[in-house]
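Undergrad:
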Ligand code: NAD
Ligand code: UFG
C-alpha cells in the first residue's frame, strides 16, 4: 500500500516508518518539523537502506495535503501529527485545538476530496482521564482532564461521525499508553527539546550526566511502593501495532478503537532500577511534591488488540531501558556539548 504518515518524522512516526517499509509498503512522510528534525530522516534512510519520500508541510494546509495524496496515490493515512505536551496545552489551548483538531479537519477534507477512505489515528490513554477501574479497557468512560486530551477525544468523535456519514470511510483508533525506548539501531529515538517532561527521557539525561537528579513526583500514592504506576510500552512494539492496524483496516468497516499497551504496570522506582541496570550509571533522585493532574496508576487491558489485531507487546522493560540508553549515547556522541539540540 501507499501510506501517508502525517507527523512521520516524529518519535513514534519514524519507528513506524521503519516497520512499514520493512513490511513492503511505500511510505510518504508529511511533517512540518515543528517537533522533529531533518537528521531523523537521514537516520531513517540509513536504517531502511533506501530513500524515503518526504513532503515538508503543515496538516492545516489542505491543498498541499490533497496534492500529496494525489501525487503519491495514497491508499491509507496514519495520522501522527499533533502537539502532545500536556502542560503546554493548559497554557496554550488555542494552539492545541487549532493544530490538532483543525489540522485533522483539514486532513479529512483533503482525504475526502481524493477519496482516500482509510485512516489510523494516534490517540492516547489520556482520553480516559482518572481511571475508574484497572486495567483500562476500551469501554472505560472517557473524561480527559486537560486540553491535549480533549483534542484527542474531539478528533476521535469527528472520525467516528465521518464513518457514519460515509460507509466506505474506515478508522482504526489507537489509544497508546506510555511509549518509551528507541530503535535497535540506536539511530532513532525520543529527543525532546529542552528539559524533558516525561519520565524516561528525563532519566536518560540524568544517567548521561546532563541533568543532576530526577525529581520523583510523590511517593505516597496508593501503589506498591508509593510512586506512580504506568504501562510503558516499547516504541518498536507500538510501531508493529500500526502494521497490524493497517491489516485490520483492509477487512473491516466503520470505526474501531484499540488500546496499545502491555497490560503491565511499572512504578517510577521500578523504572529507575531497570534504567540503572541498563546503563550501569547511578540515577540520583529525590522525592518532591506530586505533579498537579497526575494519577496514581494507569495501565491497559490490551486484550482486544491481542485478539483482534493479533498483536502483542512482547519487549521487556529492560529492552526499553537498554535501547533508550543506546540512543542517549548516540545523541551524546553526535552532539557532545548538548544532547538536546537535534
Ligand atoms: P512527536 O512530537 O515526536 O511527533 C509528532 C510529529 O508531528 C512531529 O514530527 C511534528 O513535527 C509533527 N507535527 C506536529 N504538528 C504538525 C502539523 N500541524 N503539521 C505537520 N506536522 C506536524 O510525537 P510522538 O510522540 O511521535 O507522537 C505521535 C502522536 O502520538 C501524537 O499525535 C501524539 O499526541 C500521540 N501520542 C503520543 C504519546 C507519547 O507519549 N509519545 C502517547 C499517546 C499518544
Ligand atoms: N514522573 C516523575 N518525574 C518526572 C517525570 C515523571 O516522577 O520527572 C512520574 C509521573 O509522576 C508519573 C510517571 O513518572 O507517575 C510517568 O510520567 P510521564 O510524564 O512520563 O507520563 P504520563 O503518564 O504522565 O503521560 C504520558 C504523556 C501523555 C499521555 C500519557 C498516556 O505525557 O501525553 O502518557 O499515554 F497521554
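Residue numbers (the numbering used here): 5 to 346. Glycine is no exception: its CB is placed at the ideal position from the N, C-alpha and C atoms. None of the values given here were measured: they were computed from a predicted structure.
#1: Output needed for residue 205: all residues of its chain with C-beta closer than 7 Å, excluding positions within five of it in sequence on either side, in chain order.
#2: Leaving aside the five residues before and after residue 113 along the sequence, list all residues of the same chain whose C-beta is less than 7 Å from its C-beta, in chain order.
#3: Three or more C-beta pairs under 8 Å: does that hold for the region 311-328 against the region 178-194?
#4: Please determine, among 261, 275, 191, the residue with the shortest C-alpha to C-alpha distance to residue 208.
#5: For the alpha helix (DSSP H) containing residue 68, name the first residue and the last one.
#6: Compare the C-alpha of residue 262 against each of 223, 86, 295, 180 and name the closest.
#7: Do residue 273 and residue 229 have their CB atoms nearer than 8 Å?
#8: Quick one: give me the first and last residue of the alpha helix (DSSP H) that residue 43 is part of.
#9: Contact defined as beta carbons within less than 8 Å: I believe residue 81 pairs with residue 123. What is the distance between those atoms, to the nearest angstrom?
#10: Could you compute how far the alpha carbon of residue 265 sits from the alpha carbon of residue 51?
#11: Looking at the structure shown, is residue 174 part of a helix, part of a strand, or coil, going by DSSP?
#12: Determine the closest residue to residue 35 out of 48, 177, 85, with distance taken between C-alpha atoms.
#13: Shortest alpha-carbon distance to residue 120 belongs to which of 24, 111, 56, 131?
#14: Suppose only complete runs of 3+ residues qualify. What are the beta strand (DSSP E) ranges in the region 168-226, listed by chain order?
#15: Taking 8 Å as the threshold, find out whether the region 133-143 comes into contact with the region 299-317 through three or more Cβ pairs.
#16: Buried or exposed: which applies to residue 152, given that a residue is buried once 16 or more other Cβ atoms fall within 10 Å of its Cβ?
#17: Within its chain, find whatever has a CB closer than 8 Å to the CB of residue 74; leave out the 5 residues flanking it on each side and keep chain order.
#18: Hey, is residue 125 close to the ligand UFG, as in C-beta under 7 Å from one of its heavy atoms?
#19: Could you tell me which residues DSSP puts in a beta bridge with residue 131?
#20: For residue 16, which of 28, 5, 159, 48 has the nearest alpha-carbon?
#21: In whole angstroms, give me the CA-to-CA distance for residue 18 and residue 141.
#22: Nearest-angstrom Cα distance between residue 30 and residue 83?
#23: Using a beta-carbon distance below 8 Å, is residue 247 in contact with chain C?
#24: Using three-state DSSP, classify residue 99 as helix, strand or coil.
#25: Any heavy atom of the ligand UFG closer than 7 Å to the beta-carbon of residue 15?
#26: Quick one: measure Cβ to Cβ for residue 304 and residue 148, integer angstroms, because I've assumed they're closer than 8 Å.
#27: Please list the terminal residues of the continuous beta strand (DSSP E) segment that includes residue 60.
#28: Could you tell me the alpha carbon to alpha carbon distance between residue 77 and residue 6, rounded to whole angstroms?
#29: Mind listing, in chain order, the continuous alpha helix (DSSP H) runs of no fewer than 4 residues lying wholly within the region 226-287?
#30: Among the candidates 11, 27, 14, whose CA atom is the shortest distance from the CA of residue 249?
TA: Quick look at the numbers:
#1: 194, 196
#2: 66
#3: yes
#4: Checking every option, the nearest Cα to that of residue 208 belongs to 275.
#5: 66-75
#6: 180
#7: yes
#8: 42-52
#9: In this structure, residue 81 and residue 123 form a Cβ contact; the two beta carbons are roughly 5 Å apart against a cut-off of 8 Å.
#10: Straight-line Cα distance between these residues: approximately 25 Å.
#11: strand
#12: 85
#13: Considering only alpha carbons, the answer is 111.
#14: The qualifying runs are 174-180, 182-184, 218-221.
#15: yes
#16: buried
#17: 118
#18: Residue 125: no, Cβ never under 7 Å from the ligand UFG.
#19: Its beta-bridge partners do not exist; DSSP assigns none.
#20: Nearest of 28, 5, 159, 48 to residue 16, Cα basis: 48.
#21: 27 Å
#22: Approximately 16 Å between the Cα atoms of the pair.
#23: Going by chain labels, chain C is absent from the structure shown, which holds only one protein chain.
#24: helix
#25: Every heavy atom of the ligand UFG is 7 Å or more from the Cβ of residue 15, so no.
#26: That belief does not hold up - the Cβ atoms of residue 304 and residue 148 are roughly 16 Å apart, past 8 Å.
#27: 57-60
#28: 7 Å
#29: Segments of the alpha helix (DSSP H) lying fully in the region 226-287: 239-253, 272-283.
#30: 27
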